[in-house]
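Asks:
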């Protein structure tokens with residue numbers, strides 16, 4: 018018999034597909050946490066429940082049953098917040114606005130990435 022019961026887990030999520038995805042992602046995080054313990058890095062979140070199980074998937078399912086983790090729907094079309102821009106975006110903007118990188122110094126500088134055509 019599975020503990021926690023599948024019925025209890027399905028009450029916490031929208032569907033069995035969300036449950037499987039949530040448990041798989043959290044299980045991977047738990048595996049990474051146990052893998053980095055010796056390194057002292059401390060970047061992963063430790064298990065949120067006290068468990069007798071040593072398997073990451075069982076621990077993840079216990080966390081779902083306890084309400085410690087939940088799925089959050091993310092809109093793929095939403096823009097990231099301003100503080101999450103990557104370093105490449107900033108570098109690209111810097112290249113475009115850099116006067117030394119522009120063509121002949123006309124009124125509208127060409128982006129550094131456009132080469133002839």
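Numbering (my numbering), first residue to last: 18 to 134. Beta carbons: idealized from backbone N, C-alpha and C, even for Gly. Values in this document were obtained by computation on a predicted structure and should not be read as measured data.
1) When DSSP labels each residue in this structure, what does residue 95 get in the three-state scheme?
2) What is the C-beta distance between residue 86 and residue 65, in whole angstroms, given that I count them as a contact (C-beta under 8 Å)?
3) Are the Cβ atoms of residue 22 and residue 44 separated by less than 7 Å?
4) Just how far apart, CA to CA, sit residue 79 and residue 20?
5) Can you give the Cα-Cα distance for residue 13 and residue 29, rounded to whole angstroms?
Replies: Straight from the coordinates:
1) coil
2) 7 Å
3) no
4) When rounded, the distance between both Cα atoms is 8 Å.
5) Given a span of 18 to 134 for the chain in the structure shown, any question on residue 13 remains unanswerable.
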